[in-house]
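Novice: Residue 1 is where the sequence shown starts when you use the UniProt record's numbering, and the numbers rise one by one after that.
For every residue, glycine included, the Cβ atom is placed at its ideal position computed from N, Cα and C.
Because the structure is a prediction, the values reported are computed rather than measured.
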Amino acid sequence: MPISWPDADAPAGARAALSAADISPDITSSSLPSYPSSDASDYSDDQAALIQEEWDESMRQIEGVISLLILPFFGKWYGRKVAFWAYDRYQTVGGFTRQFFGL
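#1: Report all residues from its chain with a CB closer than 8 angstroms to the CB of Gly-94; omit the five preceding and five following residues, and keep chain order.
#2: In the structure shown, what three-state DSSP assignment does Arg-98 receive?
#3: Leu-71 lies in the alpha helix (DSSP H); which residues open and close that run?
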């Protein structure tokens, strides 16, 4: 059953009002199922558990990115920085004596 739409040049009140025949008889508030309130709370508990599970999965993914990409990158960078410093210090001061460590 098609819905008849009012003309664009019709007054605003005519466009806003729909007749009872325009509303489908199968979709009424009495035909919709009513659920007890306990089902609604179970749904919210299930939804909260799903949200928590997704949050935990996101945290595991972030930890993976940090441990597999970010820490090794900065470790390599810092290691090379220390190695260049140590080699420069070795060339300037000499062997690994107390003076090399600044003592």
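Specialist: The short version:
#1: Phe-100
#2: coil
#3: 71–93
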